[in-house]
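The block underneath contains the structure these notes are about, expressed in structure tokens.
Numbering (this note's numbering), first residue to last: 7 to 93.
Structure below.
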């Protein structure tokens, strides 16, 4: 994963299993494919899955459109506000 730290990276670093984080850092998994990610809790998986769904609604289904790391902060904050997730 060769991108600057952002809310998405921090969330994944915090909520993925140790093994999954290593695969993410090595670039061996797609962070936009929920099936490849292994979260520490179901709640974290649900929140991130909701974020991915919201990104698809806003930007479309292509991976290129998902790679808007700084411009999609509003999608994240809207999703977190709707779920009441606090960490």
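Yeah, the Cβ is synthetic: ideal placement off N, Cα and C, and Gly gets one too.
Whether residue i touches residue j by CB criterion (8 Å)
i          : j          : result
residue 58 : residue 38 : yes
residue 40 : residue 26 : no
N- and C-terminal bounds of the alpha helix (DSSP H) containing residue i
i          : result
residue 56 : 48-65
residue 18 : 13-21
Residue i, DSSP secondary structure in three states
i          : result
residue 94 : Lying before the first or after the last residue shown, residue 94 is absent from the chain, which here runs from 7 to 93.
residue 32 : helix
residue 24 : helix
Residues near residue i by beta carbon distance below 6 Å, same chain, minus five either side
i           : result
residue 147 : Since the first residue of the chain shown is 7 and the last is 93, residue 147 is not available in this structure.
residue 47  : none
residue 14  : none
Own chain partners of residue i with C-beta closer than 7 Å, once the 5 adjacent residues on each side are dropped
i          : result
residue 30 : 7, 18, 22, 37
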